[in-house]
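Engineer:
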Amino acid sequence: MRPVLRPADSYAADQHASNELGIRSLLLMENAARSAAEILFERSILQPQCNVLILCGTGNNGGDGFALARHLHESVQVTIVLCGTPERMTPDTKENYVICQKLGIPILQWEGEQCSHLLPAKQDVIIDALLGVGARSNPREPIASLIVWANAQAAYRVALDIPSGLDPNEGWMLSPCFHADLTITMGAYKTGLLLNAGPAECGEIEIAEIGIPHRVFDALASTWVIDSDDIRRTWRKRQLRTTKFDYGRVVIVAGSAAMPGAAALCANAAIAAGAGLVELVTPELHPALFPEVMPYRYSGPYLTRDALPLVMQRLERATVAVIGPGLGSAEETTHTLREIVQQVGGKIPIVLDADGLRGIKNGDTLKNVTITPHRGEFARILDCSIQESFLHERAVHFAQQTSATVVLKDFPIQISNGRETYWYIKYNPALASGGTGDVLSGIIASLWAQGYSQFDAAWMGVVVHSLAGRYASEEYGESATRASHLIEALGPVTRALSENKI
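Straight run, no breaks: the sequence shown in the numbering used here ends on number 495.
1) What distance in whole Å lies between the Cβ atoms of Arg242 and Ala26, which are believed to be in contact at a cut-off of 8 Å?
2) Nearest by alpha-carbon distance to Leu384: which of Ser396, Ala397, Val432 and Pro405 is it?
3) Throw me the rounded Cβ distance for the Val45 and Val69 pair, which I believe falls under 8 Å.
4) On the criterion of 16 or more Cβ atoms from any shown chain inside 10 Å, does Ser378 qualify as buried, or is it exposed?
5) What is the residue span of the beta strand (DSSP E) that Arg(-5) lies within?
6) What do you get for Gln116, buried or exposed, if any count of 16 or more other CB atoms within 10 angstroms of its CB means buried?
7) Exposed or buried, which one is Ser466 when buried takes at least 16 other CB atoms within 10 Å?
8) Keeping to the same chain, check which residues put their C-beta closer than 6 Å to that of Pro288; ignore five residues upstream and five downstream.
9) Output yes or no for whether 9 Å exceeds the beta carbon distance between Thr327 and Ile364.
10) Determine the contact status of Gln306 and Asn361, defining contact as a CB-CB distance below 9 Å.
11) Out of Ser249, Ile343 and Ala181, point me to the one whose CA is closest to Ser310's CA.
12) Among residues of its own chain, excluding the 5 on either side of Glu194, which ones have a beta-carbon nearer than 7 Å to its beta-carbon?
13) Nearest by alpha-carbon distance to Gln336: which of Gly369, Pro302, His367 and Ala347 is it?
14) Mind listing, in chain order, the continuous alpha helix (DSSP H) runs of no fewer than 4 residues lying wholly within the segment 172 to 249?
15) Do the CB positions of Val304 and Ile341 come within less than 9 Å of each other?
16) Strictly by DSSP, which residues pair up with Met453?
17) Restricting to Cα atoms, I'd like to know which of Ala60, Leu14 and Gly470 is closest to Gln94.
18) Please tell me whether Ala323 and Tyr291 are closer than 9 Å, where the distance is taken between their beta carbons.
19) Are the CB atoms of Phe210 and Asp2 within a distance shorter than 9 Å?
20) Along the chain, which unbroken stretches of the beta strand (DSSP E) at least 3 residues long are found entirely within the segment 117 to 150?
21) Mind checking Phe238: buried by the 16 CB within 10 Å criterion, or exposed?
22) Helix, strand or coil for Met22? Go by DSSP, reduced to three states.
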(Lines of atoms letter the chains of each structure in order from A and count residues from 1; the text may use other names and numbers.)
(Lines give C-alpha, C1' and ligand atoms only; values in the text may rest on other atoms or scores of the structure.)
Protein backbone atom coordinates (compact mmCIF):
# COMPACT_ATOMS: atom_id res chain seq x y z
CA MET A 1 0.00 0.00 0.00
CA ARG A 2 1.20 3.52 -0.74
CA PRO A 3 0.33 6.27 1.74
CA VAL A 4 -1.77 9.28 0.73
CA LEU A 5 -1.03 12.53 2.55
CA ARG A 6 -3.07 15.64 3.13
CA PRO A 7 -1.08 18.85 2.67
CA ALA A 8 -0.80 19.22 6.45
CA ASP A 9 0.64 15.68 6.64
CA SER A 10 3.17 16.51 3.92
CA TYR A 11 4.30 19.57 5.85
CA ALA A 12 4.52 17.51 9.05
CA ALA A 13 6.70 14.93 7.27
CA ASP A 14 9.10 17.65 6.12
CA GLN A 15 9.23 19.10 9.63
CA HIS A 16 9.84 15.69 11.20
CA ALA A 17 12.64 14.97 8.75
CA SER A 18 14.28 18.30 9.51
CA ASN A 19 13.72 18.60 13.26
CA GLU A 20 13.83 14.97 14.40
CA LEU A 21 16.00 13.25 11.82
CA GLY A 22 18.36 16.09 10.95
CA ILE A 23 17.63 15.94 7.22
CA ARG A 24 17.96 19.57 6.15
CA SER A 25 15.20 21.01 3.98
CA LEU A 26 17.80 21.99 1.37
CA LEU A 27 18.79 18.32 1.08
CA LEU A 28 15.14 17.34 0.62
CA MET A 29 14.87 19.90 -2.17
CA GLU A 30 18.01 18.51 -3.78
CA ASN A 31 16.73 14.93 -3.56
CA ALA A 32 13.38 15.97 -5.03
CA ALA A 33 15.06 17.64 -8.00
CA ARG A 34 17.42 14.73 -8.63
CA SER A 35 14.56 12.21 -8.50
CA ALA A 36 12.42 14.35 -10.81
CA ALA A 37 15.25 14.57 -13.33
CA GLU A 38 15.70 10.79 -13.25
CA ILE A 39 11.99 10.26 -13.87
CA LEU A 40 11.98 12.67 -16.82
CA PHE A 41 14.91 10.91 -18.46
CA GLU A 42 13.70 7.39 -17.67
CA ARG A 43 10.36 8.16 -19.31
CA SER A 44 12.17 9.62 -22.35
CA ILE A 45 10.33 12.91 -21.94
CA LEU A 46 13.62 14.74 -22.28
CA GLN A 47 15.76 14.25 -25.35
CA PRO A 48 19.11 15.89 -26.19
CA GLN A 49 18.70 19.46 -27.38
CA CYS A 50 15.04 19.70 -26.43
CA ASN A 51 13.86 23.05 -25.09
CA VAL A 52 12.64 23.02 -21.49
CA LEU A 53 10.88 25.93 -19.82
CA ILE A 54 10.70 25.79 -16.01
CA LEU A 55 8.15 28.09 -14.37
CA CYS A 56 9.26 28.99 -10.84
CA GLY A 57 7.55 30.75 -7.97
CA THR A 58 9.25 32.07 -4.87
CA GLY A 59 8.23 29.31 -2.44
CA ASN A 60 9.80 25.89 -1.98
CA ASN A 61 7.99 24.55 -5.05
CA GLY A 62 9.90 27.14 -7.03
CA GLY A 63 13.05 25.98 -5.26
CA ASP A 64 12.39 22.46 -6.60
CA GLY A 65 12.18 24.02 -10.06
CA PHE A 66 15.48 25.93 -9.71
CA ALA A 67 17.22 22.80 -8.38
CA LEU A 68 15.77 20.75 -11.27
CA ALA A 69 17.12 23.33 -13.74
CA ARG A 70 20.60 22.72 -12.32
CA HIS A 71 20.27 18.98 -12.91
CA LEU A 72 19.01 19.40 -16.47
CA HIS A 73 20.95 22.32 -17.92
CA GLU A 74 23.91 20.32 -19.21
CA SER A 75 21.68 17.82 -21.03
CA VAL A 76 18.91 20.01 -22.48
CA GLN A 77 18.25 23.67 -23.27
CA VAL A 78 16.79 25.09 -20.04
CA THR A 79 15.17 28.48 -19.55
CA ILE A 80 13.68 29.55 -16.21
CA VAL A 81 10.69 31.88 -15.98
CA LEU A 82 10.46 33.55 -12.56
CA CYS A 83 7.20 34.82 -11.09
CA GLY A 84 8.04 37.10 -8.20
CA THR A 85 11.20 38.68 -6.87
CA PRO A 86 14.27 37.21 -5.11
CA GLU A 87 13.34 39.20 -1.99
CA ARG A 88 10.22 37.06 -1.53
CA MET A 89 12.03 33.71 -1.90
CA THR A 90 12.36 31.18 0.90
CA PRO A 91 16.01 30.67 1.94
CA ASP A 92 16.37 27.29 0.19
CA THR A 93 14.78 28.63 -2.98
CA LYS A 94 17.06 31.69 -2.92
CA GLU A 95 20.12 29.47 -2.62
CA ASN A 96 19.19 27.43 -5.69
CA TYR A 97 18.24 30.60 -7.57
CA VAL A 98 21.68 32.07 -6.94
CA ILE A 99 23.39 28.87 -8.12
CA CYS A 100 21.34 28.94 -11.33
CA GLN A 101 22.48 32.53 -11.90
CA LYS A 102 26.11 31.53 -11.43
CA LEU A 103 25.69 28.61 -13.82
CA GLY A 104 24.45 31.02 -16.48
CA ILE A 105 21.03 29.40 -16.85
CA PRO A 106 18.75 31.99 -18.52
CA ILE A 107 16.22 33.42 -16.04
CA LEU A 108 13.39 35.54 -17.45
CA GLN A 109 11.04 37.65 -15.34
CA TRP A 110 7.28 37.27 -15.83
CA GLU A 111 5.18 40.24 -14.77
CA GLY A 112 2.10 39.56 -16.88
CA GLU A 113 0.99 38.50 -20.34
CA GLN A 114 2.80 41.49 -21.84
CA CYS A 115 6.00 39.52 -21.17
CA SER A 116 5.04 36.58 -23.38
CA HIS A 117 7.08 37.93 -26.30
CA LEU A 118 10.22 37.55 -24.17
CA LEU A 119 9.82 33.77 -23.86
CA PRO A 120 11.40 31.26 -26.27
CA ALA A 121 9.31 30.74 -29.40
CA LYS A 122 9.47 26.96 -29.12
CA GLN A 123 9.11 24.85 -26.00
CA ASP A 124 9.15 21.05 -26.02
CA VAL A 125 8.50 20.66 -22.29
CA ILE A 126 7.03 23.12 -19.76
CA ILE A 127 7.56 22.36 -16.08
CA ASP A 128 5.30 23.94 -13.46
CA ALA A 129 7.02 24.78 -10.14
CA LEU A 130 4.92 27.83 -9.28
CA LEU A 131 2.79 27.11 -6.22
CA GLY A 132 2.92 23.56 -4.82
CA VAL A 133 0.73 22.19 -2.04
CA GLY A 134 0.58 25.44 -0.08
CA ALA A 135 -1.92 27.12 -2.40
CA ARG A 136 -5.58 27.29 -1.34
CA SER A 137 -7.20 29.91 -3.58
CA ASN A 138 -7.33 30.92 -7.24
CA PRO A 139 -3.85 31.82 -8.51
CA ARG A 140 -3.31 35.58 -8.63
CA GLU A 141 -1.33 37.70 -11.04
CA PRO A 142 1.26 37.41 -12.36
CA ILE A 143 1.10 33.64 -11.86
CA ALA A 144 -2.45 33.37 -13.26
CA SER A 145 -1.54 34.74 -16.69
CA LEU A 146 1.57 32.54 -16.85
CA ILE A 147 -0.55 29.43 -16.23
CA VAL A 148 -2.99 30.50 -18.95
CA TRP A 149 -0.08 31.08 -21.33
CA ALA A 150 1.51 27.70 -20.51
CA ASN A 151 -1.76 25.82 -21.09
CA ALA A 152 -2.03 27.35 -24.56
CA GLN A 153 1.38 26.06 -25.69
CA ALA A 154 1.91 22.96 -27.81
CA ALA A 155 4.29 21.41 -25.31
CA TYR A 156 4.41 18.45 -22.95
CA ARG A 157 3.48 19.76 -19.51
CA VAL A 158 4.90 18.50 -16.23
CA ALA A 159 3.86 19.61 -12.73
CA LEU A 160 6.17 19.31 -9.73
CA ASP A 161 4.37 17.98 -6.63
CA ILE A 162 0.90 19.22 -7.70
CA PRO A 163 -0.37 21.30 -10.64
CA SER A 164 -0.59 24.98 -9.73
CA GLY A 165 -4.25 25.91 -9.38
CA LEU A 166 -5.37 22.47 -8.14
CA ASP A 167 -6.71 22.39 -4.59
CA PRO A 168 -4.23 20.11 -2.77
CA ASN A 169 -6.79 18.81 -0.26
CA GLU A 170 -9.90 18.02 -2.28
CA GLY A 171 -8.69 18.19 -5.86
CA TRP A 172 -11.00 20.99 -6.99
CA MET A 173 -9.82 22.79 -10.09
CA LEU A 174 -9.24 26.44 -9.26
CA SER A 175 -9.02 29.11 -11.95
CA PRO A 176 -6.72 28.99 -13.74
CA CYS A 177 -5.18 25.55 -13.28
CA PHE A 178 -2.07 24.15 -14.92
CA HIS A 179 -3.07 21.17 -17.08
CA ALA A 180 -0.34 18.55 -16.67
CA ASP A 181 0.43 15.51 -18.78
CA LEU A 182 2.60 14.22 -15.94
CA THR A 183 2.77 15.13 -12.26
CA ILE A 184 5.89 14.24 -10.28
CA THR A 185 4.81 14.38 -6.66
CA MET A 186 7.32 14.44 -3.85
CA GLY A 187 7.61 11.56 -1.41
CA ALA A 188 3.98 10.36 -1.40
CA TYR A 189 0.61 10.83 -3.05
CA LYS A 190 -1.36 13.93 -2.02
CA THR A 191 -5.14 13.70 -1.60
CA GLY A 192 -5.82 16.44 -4.14
CA LEU A 193 -4.06 14.49 -6.88
CA LEU A 194 -6.59 11.66 -6.64
CA LEU A 195 -9.91 13.34 -5.83
CA ASN A 196 -12.44 15.15 -8.03
CA ALA A 197 -10.64 17.01 -10.86
CA GLY A 198 -7.23 15.85 -9.67
CA PRO A 199 -6.73 12.85 -12.00
CA ALA A 200 -7.77 14.85 -15.07
CA GLU A 201 -5.49 17.80 -14.24
CA CYS A 202 -2.50 15.72 -13.09
CA GLY A 203 -2.23 13.34 -16.02
CA GLU A 204 0.02 10.44 -15.10
CA ILE A 205 1.48 10.50 -11.60
CA GLU A 206 4.99 9.51 -10.55
CA ILE A 207 6.29 9.58 -6.98
CA ALA A 208 9.78 11.00 -6.50
CA GLU A 209 11.85 9.69 -3.61
CA ILE A 210 13.11 12.62 -1.53
CA GLY A 211 14.99 10.88 1.25
CA ILE A 212 12.32 10.89 3.97
CA PRO A 213 12.01 7.34 5.38
CA HIS A 214 8.81 5.59 4.34
CA ARG A 215 7.93 4.97 7.99
CA VAL A 216 7.47 8.73 8.46
CA PHE A 217 4.83 8.88 5.73
CA ASP A 218 3.25 5.66 6.98
CA ALA A 219 2.84 7.09 10.49
CA LEU A 220 1.09 10.20 9.16
CA ALA A 221 -1.20 8.64 6.55
CA SER A 222 -4.83 7.73 7.17
CA THR A 223 -5.51 6.63 3.58
CA TRP A 224 -3.62 4.18 1.37
CA VAL A 225 -3.53 3.47 -2.36
CA ILE A 226 -3.74 -0.21 -3.26
CA ASP A 227 -0.56 -1.17 -5.08
CA SER A 228 -0.14 -3.96 -7.63
CA ASP A 229 1.84 -6.07 -5.16
CA ASP A 230 -0.88 -6.03 -2.50
CA ILE A 231 -3.28 -8.43 -4.20
CA ARG A 232 -0.44 -10.84 -5.01
CA ARG A 233 0.75 -10.80 -1.42
CA THR A 234 -2.73 -11.38 0.04
CA TRP A 235 -4.13 -13.91 -2.45
CA ARG A 236 -4.14 -17.53 -1.23
CA LYS A 237 -3.84 -20.61 -3.41
CA ARG A 238 -6.24 -23.44 -2.70
CA GLN A 239 -4.90 -26.29 -0.60
CA LEU A 240 -4.88 -29.81 -2.03
CA ARG A 241 -6.99 -31.52 0.66
CA THR A 242 -10.13 -29.38 0.52
CA THR A 243 -13.79 -29.70 -0.42
CA LYS A 244 -16.56 -27.32 -1.40
CA PHE A 245 -17.40 -26.87 2.26
CA ASP A 246 -14.01 -25.23 2.87
CA TYR A 247 -14.92 -22.33 0.56
CA GLY A 248 -18.18 -21.20 2.04
CA ARG A 249 -21.85 -21.03 1.15
CA VAL A 250 -23.03 -17.75 -0.40
CA VAL A 251 -26.78 -17.20 -0.19
CA ILE A 252 -28.05 -14.49 -2.52
CA VAL A 253 -31.42 -12.80 -2.05
CA ALA A 254 -31.87 -10.93 -5.30
CA GLY A 255 -33.84 -10.46 -8.47
CA SER A 256 -37.45 -9.82 -9.37
CA ALA A 257 -39.72 -10.53 -12.31
CA ALA A 258 -38.50 -7.31 -13.90
CA MET A 259 -34.77 -7.83 -13.18
CA PRO A 260 -33.82 -11.51 -13.00
CA GLY A 261 -30.53 -10.82 -14.78
CA ALA A 262 -29.05 -8.90 -11.85
CA ALA A 263 -29.52 -11.92 -9.58
CA ALA A 264 -27.98 -14.25 -12.15
CA LEU A 265 -24.93 -12.01 -12.61
CA CYS A 266 -24.34 -11.84 -8.87
CA ALA A 267 -24.76 -15.59 -8.35
CA ASN A 268 -22.66 -16.54 -11.37
CA ALA A 269 -19.88 -14.20 -10.22
CA ALA A 270 -19.87 -15.75 -6.75
CA ILE A 271 -19.43 -19.22 -8.28
CA ALA A 272 -16.75 -18.07 -10.73
CA ALA A 273 -14.82 -16.26 -7.97
CA GLY A 274 -14.48 -19.51 -6.04
CA ALA A 275 -17.31 -19.89 -3.52
CA GLY A 276 -17.88 -23.52 -2.59
CA LEU A 277 -21.68 -23.33 -2.80
CA VAL A 278 -24.02 -20.62 -4.06
CA GLU A 279 -27.77 -20.44 -3.46
CA LEU A 280 -30.13 -17.93 -5.06
CA VAL A 281 -33.43 -17.01 -3.42
CA THR A 282 -35.53 -15.25 -6.07
CA PRO A 283 -38.98 -15.15 -7.70
CA GLU A 284 -37.75 -15.50 -11.28
CA LEU A 285 -34.86 -17.46 -12.80
CA HIS A 286 -32.84 -16.03 -15.66
CA PRO A 287 -31.96 -18.56 -18.38
CA ALA A 288 -28.27 -17.58 -18.12
CA LEU A 289 -28.06 -18.70 -14.49
CA PHE A 290 -25.22 -21.20 -14.07
CA PRO A 291 -26.40 -24.77 -13.38
CA GLU A 292 -24.05 -24.84 -10.38
CA VAL A 293 -26.23 -22.25 -8.61
CA MET A 294 -28.93 -23.78 -6.39
CA PRO A 295 -32.19 -21.84 -6.90
CA TYR A 296 -34.97 -21.36 -4.35
CA ARG A 297 -38.02 -19.63 -5.78
CA TYR A 298 -40.81 -17.79 -4.03
CA SER A 299 -44.07 -16.67 -5.61
CA GLY A 300 -44.88 -13.13 -6.70
CA PRO A 301 -43.10 -10.61 -8.92
CA TYR A 302 -40.89 -9.20 -6.14
CA LEU A 303 -39.83 -9.68 -2.52
CA THR A 304 -42.62 -9.38 0.06
CA ARG A 305 -43.14 -10.52 3.64
CA ASP A 306 -44.68 -13.72 2.26
CA ALA A 307 -41.19 -14.77 1.17
CA LEU A 308 -39.67 -14.26 4.63
CA PRO A 309 -39.93 -17.89 5.81
CA LEU A 310 -38.01 -19.15 2.78
CA VAL A 311 -35.48 -16.31 2.90
CA MET A 312 -34.76 -16.78 6.59
CA GLN A 313 -34.52 -20.55 6.22
CA ARG A 314 -31.82 -20.24 3.55
CA LEU A 315 -29.97 -17.42 5.33
CA GLU A 316 -29.58 -19.64 8.40
CA ARG A 317 -27.16 -21.79 6.40
CA ALA A 318 -25.22 -18.93 4.83
CA THR A 319 -21.53 -18.30 5.36
CA VAL A 320 -22.12 -14.93 3.68
CA ALA A 321 -25.31 -13.42 2.27
CA VAL A 322 -25.76 -10.97 -0.60
CA ILE A 323 -28.97 -8.97 -0.51
CA GLY A 324 -30.14 -6.52 -3.11
CA PRO A 325 -29.29 -6.87 -6.81
CA GLY A 326 -32.43 -6.48 -8.89
CA LEU A 327 -34.91 -6.60 -5.99
CA GLY A 328 -36.63 -3.42 -7.14
CA SER A 329 -37.91 -0.43 -5.22
CA ALA A 330 -41.44 -1.47 -4.29
CA GLU A 331 -42.40 -0.11 -0.88
CA GLU A 332 -43.16 -3.57 0.54
CA THR A 333 -39.80 -4.84 -0.71
CA THR A 334 -38.01 -2.02 1.12
CA HIS A 335 -39.89 -2.75 4.36
CA THR A 336 -39.13 -6.46 4.03
CA LEU A 337 -35.46 -5.73 3.35
CA ARG A 338 -35.21 -3.68 6.49
CA GLU A 339 -36.82 -6.47 8.52
CA ILE A 340 -34.35 -9.01 7.13
CA VAL A 341 -31.33 -6.81 7.90
CA GLN A 342 -32.58 -6.15 11.42
CA GLN A 343 -33.13 -9.87 12.08
CA VAL A 344 -29.86 -11.26 10.70
CA GLY A 345 -27.59 -8.21 10.83
CA GLY A 346 -24.54 -8.88 13.00
CA LYS A 347 -25.24 -12.62 13.02
CA ILE A 348 -24.57 -13.43 9.37
CA PRO A 349 -22.03 -11.58 7.22
CA ILE A 350 -23.99 -9.55 4.66
CA VAL A 351 -23.09 -7.73 1.46
CA LEU A 352 -25.75 -5.11 0.70
CA ASP A 353 -25.83 -3.82 -2.85
CA ALA A 354 -28.16 -1.97 -5.20
CA ASP A 355 -31.78 -2.17 -3.98
CA GLY A 356 -30.60 -3.85 -0.78
CA LEU A 357 -29.22 -0.47 0.27
CA ARG A 358 -32.79 0.76 0.57
CA GLY A 359 -33.09 -1.38 3.68
CA ILE A 360 -30.66 0.72 5.73
CA LYS A 361 -30.60 4.25 7.08
CA ASN A 362 -27.91 6.61 8.32
CA GLY A 363 -27.42 5.76 11.98
CA ASP A 364 -28.16 2.02 11.77
CA THR A 365 -25.78 -0.44 13.40
CA LEU A 366 -24.27 -2.47 10.56
CA LYS A 367 -21.71 -4.70 12.19
CA ASN A 368 -20.63 -7.53 9.87
CA VAL A 369 -22.21 -5.72 6.91
CA THR A 370 -20.42 -4.55 3.75
CA ILE A 371 -22.24 -2.03 1.59
CA THR A 372 -21.31 -1.24 -2.01
CA PRO A 373 -23.05 2.01 -3.00
CA HIS A 374 -22.24 4.28 -5.90
CA ARG A 375 -22.27 8.02 -5.29
CA GLY A 376 -26.02 8.43 -5.83
CA GLU A 377 -26.95 5.52 -3.57
CA PHE A 378 -24.67 6.71 -0.80
CA ALA A 379 -26.03 10.26 -1.04
CA ARG A 380 -29.53 8.78 -0.64
CA ILE A 381 -28.47 6.90 2.49
CA LEU A 382 -26.97 10.07 3.95
CA ASP A 383 -29.88 12.20 2.72
CA CYS A 384 -27.48 14.66 1.14
CA SER A 385 -26.78 16.01 -2.34
CA ILE A 386 -25.14 13.76 -4.90
CA GLN A 387 -22.76 16.70 -5.43
CA GLU A 388 -21.62 16.52 -1.79
CA SER A 389 -18.00 17.70 -1.77
CA PHE A 390 -16.70 15.53 1.04
CA LEU A 391 -18.42 12.23 0.23
CA HIS A 392 -15.23 10.18 0.66
CA GLU A 393 -14.67 11.70 4.09
CA ARG A 394 -18.30 11.13 5.03
CA ALA A 395 -17.99 7.49 3.97
CA VAL A 396 -15.21 7.03 6.53
CA HIS A 397 -17.35 8.64 9.23
CA PHE A 398 -20.32 6.46 8.23
CA ALA A 399 -18.17 3.35 8.59
CA GLN A 400 -16.99 4.51 12.03
CA GLN A 401 -20.52 5.27 13.23
CA THR A 402 -22.24 2.15 11.88
CA SER A 403 -19.41 -0.46 12.05
CA ALA A 404 -19.99 -1.21 8.34
CA THR A 405 -17.35 -1.67 5.67
CA VAL A 406 -18.13 0.80 2.89
CA VAL A 407 -17.10 0.21 -0.72
CA LEU A 408 -17.82 3.61 -2.28
CA LYS A 409 -17.91 3.14 -6.05
CA ASP A 410 -16.63 6.57 -6.97
CA PHE A 411 -13.35 8.10 -8.11
CA PRO A 412 -11.23 6.92 -6.47
CA ILE A 413 -12.97 3.73 -5.37
CA GLN A 414 -12.79 3.86 -1.58
CA ILE A 415 -12.89 0.92 0.79
CA SER A 416 -13.14 1.85 4.46
CA ASN A 417 -14.11 0.18 7.73
CA GLY A 418 -13.55 3.40 9.67
CA ARG A 419 -10.13 2.26 10.87
CA GLU A 420 -8.47 1.52 7.54
CA THR A 421 -9.19 3.37 4.31
CA TYR A 422 -7.91 2.20 0.93
CA TRP A 423 -8.22 3.87 -2.47
CA TYR A 424 -8.12 2.05 -5.80
CA ILE A 425 -7.06 4.36 -8.62
CA LYS A 426 -6.68 2.06 -11.63
CA TYR A 427 -9.83 3.15 -13.42
CA ASN A 428 -11.35 0.92 -16.07
CA PRO A 429 -13.92 2.40 -18.51
CA ALA A 430 -14.92 -1.13 -19.50
CA LEU A 431 -16.76 -1.38 -16.17
CA ALA A 432 -19.09 1.50 -17.07
CA SER A 433 -22.06 -0.65 -18.03
CA GLY A 434 -25.09 -2.12 -16.33
CA GLY A 435 -24.66 -5.21 -14.17
CA THR A 436 -20.97 -4.80 -13.31
CA GLY A 437 -21.91 -3.77 -9.77
CA ASP A 438 -23.89 -7.01 -9.35
CA VAL A 439 -20.77 -8.91 -10.37
CA LEU A 440 -18.71 -6.99 -7.80
CA SER A 441 -21.04 -7.85 -4.93
CA GLY A 442 -20.87 -11.52 -5.90
CA ILE A 443 -17.06 -11.45 -5.97
CA ILE A 444 -16.79 -9.73 -2.58
CA ALA A 445 -19.20 -12.21 -0.97
CA SER A 446 -17.35 -15.13 -2.54
CA LEU A 447 -13.97 -14.01 -1.17
CA TRP A 448 -15.47 -13.33 2.26
CA ALA A 449 -17.05 -16.79 2.30
CA GLN A 450 -13.69 -18.35 1.38
CA GLY A 451 -12.17 -17.10 4.60
CA TYR A 452 -10.71 -13.69 3.84
CA SER A 453 -11.48 -11.03 6.42
CA GLN A 454 -14.38 -8.68 5.78
CA PHE A 455 -12.09 -5.80 4.89
CA ASP A 456 -9.70 -7.87 2.77
CA ALA A 457 -12.60 -9.41 0.87
CA ALA A 458 -13.90 -5.93 0.09
CA TRP A 459 -10.70 -4.39 -1.29
CA MET A 460 -9.58 -7.62 -2.95
CA GLY A 461 -12.98 -7.90 -4.59
CA VAL A 462 -12.55 -4.42 -6.05
CA VAL A 463 -9.14 -5.36 -7.47
CA VAL A 464 -10.26 -8.73 -8.88
CA HIS A 465 -13.31 -7.04 -10.43
CA SER A 466 -11.11 -4.42 -12.08
CA LEU A 467 -8.65 -7.02 -13.35
CA ALA A 468 -11.52 -9.00 -14.83
CA GLY A 469 -12.65 -5.83 -16.60
CA ARG A 470 -9.16 -5.34 -17.97
CA TYR A 471 -8.94 -8.92 -19.24
CA ALA A 472 -12.41 -8.73 -20.77
CA SER A 473 -11.77 -5.40 -22.48
CA GLU A 474 -8.62 -6.80 -24.08
CA GLU A 475 -10.84 -9.43 -25.69
CA TYR A 476 -13.94 -7.39 -26.51
CA GLY A 477 -12.89 -3.73 -26.33
CA GLU A 478 -13.95 -1.26 -23.66
CA SER A 479 -17.25 -0.25 -25.26
CA ALA A 480 -18.44 -3.80 -25.99
CA THR A 481 -17.48 -5.36 -22.66
CA ARG A 482 -20.57 -6.60 -20.77
CA ALA A 483 -20.96 -7.61 -17.15
CA SER A 484 -21.17 -11.27 -18.18
CA HIS A 485 -17.78 -10.92 -19.86
CA LEU A 486 -16.28 -10.09 -16.47
CA ILE A 487 -17.53 -13.40 -15.13
CA GLU A 488 -15.86 -15.22 -18.03
CA ALA A 489 -12.63 -13.37 -17.23
CA LEU A 490 -12.60 -14.43 -13.57
CA GLY A 491 -11.07 -17.77 -14.55
CA PRO A 492 -7.96 -16.26 -16.19
CA VAL A 493 -7.68 -13.64 -13.42
CA THR A 494 -7.81 -16.08 -10.49
CA ARG A 495 -5.48 -18.49 -12.30
CA ALA A 496 -2.97 -15.69 -12.87
CA LEU A 497 -3.22 -14.69 -9.21
CA SER A 498 -2.68 -18.26 -8.03
CA GLU A 499 0.34 -18.56 -10.33
CA ASN A 500 1.63 -15.15 -9.17
CA LYS A 501 1.52 -13.78 -12.73
CA ILE A 502 -0.55 -10.62 -12.14
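In this text, a Cβ means the ideal position worked out from N, Cα and C, and glycines have one as well.
Here the structure is a predicted model, which is why all the values come from computation and not from measurement.
Structural biologist: Let's see:
1) Translated into the one-based positions of the sequence shown, residue 26 becomes position 33. Translated into the one-based positions of the sequence shown, residue 242 becomes position 249. No, Ala26 and Arg242 are not in contact; Cβ-Cβ is about 57 Å, not under 8 Å.
2) Sequence index remark: in the sequence shown, residue 384 carries index 391 (1-based). Cα-wise, what sits closest to Leu384 is Pro405.
3) Counted from its first residue, the sequence shown places residue 45 at position 52. Counted from its first residue, the sequence shown places residue 69 at position 76. Yes, they are in contact, since the Cβ atoms of Val45 and Val69 sit about 5 Å apart, within 8 Å.
4) Within the sequence shown, the letter at position 385 stands for residue 378. When all chains shown are included, Ser378 counts as exposed.
5) For the purposes of this step, residue -5 is identified with residue 2 of the sequence shown, where counting begins at 1. Arg(-5): member of the beta strand (DSSP E) spanning Arg(-5) to Leu(-2), first to last residue.
6) Against the sequence shown, residue 116 aligns to sequence position 123. Taking a 10 Å sphere around the C-beta of Gln116, we find 16 or more other C-beta atoms and assign the residue as buried.
7) If you number the sequence shown from 1, residue 466 lands on position 473. Flag for Ser466 reads buried.
8) Within the sequence shown, the letter at position 295 stands for residue 288. Closer than 6 Å at the Cβ level, and outside the excluded window around Pro288, lie Leu273 and Leu278.
9) By one-based count along the sequence shown, residue 327 stands at place 334. By one-based count along the sequence shown, residue 364 stands at place 371. Not in contact: Thr327 and Ile364 (Cβ atoms no closer than 9 Å).
10) Residue numbering aside, residue 306 sits at position 313 when the sequence shown is read from its first letter. Residue numbering aside, residue 361 sits at position 368 when the sequence shown is read from its first letter. Contact flag unset, no.
11) Position 317 of the sequence shown, counted from the start, is the residue given in the question as residue 310. The sequence as given places Arg at residue 310; Ser does not occur at that position. Nearest C-alpha to Arg310: Ile343.
12) Against the sequence shown, residue 194 aligns to sequence position 201. Pro156, Leu159, Met166, Cys170, His172 and Ala173, listed in sequence order.
13) Here residue 336 is taken as the residue at index 343 of the sequence shown, counted from 1. Nearest of Gly369, Pro302, His367 and Ala347 to Gln336, Cα basis: Pro302.
14) Those alpha helix (DSSP H) runs which fall completely within the segment 172 to 249 and span 4+ residues are 184 to 187, 191 to 195, 207 to 213 and 221 to 227.
15) For the purposes of this step, residue 304 is taken as the residue at position 311 of the sequence shown. For the purposes of this step, residue 341 is taken as the residue at position 348 of the sequence shown. No, these two residues do not count as a Cβ contact at 9 Å.
16) If you number the sequence shown from 1, residue 453 lands on position 460. Looking at the DSSP assignment, Met453 forms no beta bridge with any residue, so it has no partner.
17) Position 101 of the sequence shown, counted from the first residue, corresponds to residue 94. Looking only at Ala60, Leu14 and Gly470, the smallest Cα-Cα distance to Gln94 is reached by Ala60.
18) The count along the sequence shown starts at 1 and reaches residue 323 at position 330. The count along the sequence shown starts at 1 and reaches residue 291 at position 298. With respect to the 9 Å criterion, Ala323 and Tyr291 are not classified as neighbours on the basis of their beta carbons.
19) Residue 2 sits at position 9 when you count from the first residue of the sequence shown. Residue 210 sits at position 217 when you count from the first residue of the sequence shown. Result yes, Cβ atoms of Asp2 and Phe210 sit closer than 9 Å.
20) Listed in chain order, the beta strand (DSSP E) runs fully inside the segment 117 to 150 are 118 to 122, counting runs of at least 3 residues.
21) By one-based count along the sequence shown, residue 238 stands at place 245. With fewer than 16 Cβ atoms within 10 Å of its Cβ, Phe238 is classed as exposed.
22) Counted from its first residue, the sequence shown places residue 22 at position 29. DSSP places Met22 within a helical segment (H, G or I) once states are collapsed to three.
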